[in-house]
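In terms of my numbering, the sequence shown opens at residue 381 and continues consecutively.
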Amino acid sequence: MNSSNALEHTAPLFHRINPTVKRLGVSRATLYRLVGAGELELVKVGPKASGITHQSLVKFCAARGIAL
């Protein structure tokens, strides 16, 4: 298997805020409350961009029976 194919099948490191809000069916404010409560992990990916780590989103969804 060449390395470019291996990268195509890996999980993303983070998920952008707007798609995550839509996927979870919550508001941006609720998403940030979940971050504040330690239920999701927020990372800065640029000066004006943030994301939710894939690992924290998977853990959050698994605990609540939400399919990703």
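For each residue, glycine too, the CB sits at the ideal point set by N, CA and C.
8 angstroms Cβ cutoff met for residue i and residue j
i           : j           : result
residue 397 : residue 414 : no
residue 431 : residue 438 : no
residue 448 : residue 436 : no
Extent of the continuous alpha helix (DSSP H) run through residue i
i           : result
residue 436 : 434–444
Beta-ladder partner(s) of residue i, from DSSP
i           : result
residue 420 : According to DSSP, residue 420 bridges with nothing at all.
residue 429 : 426
residue 396 : 431
Cβ-heavy atom distance, residue i to the ligand NAP, below 7 angstroms
i           : result
residue 435 : The ligand NAP is not among the ligands present in this structure, which contains no ligands whatsoever.
Cβ-Cβ separation, residue j to residue i (assumed contact under 8 angstroms), whole Å
i           : j           : result
residue 404 : residue 446 : 7 angstroms
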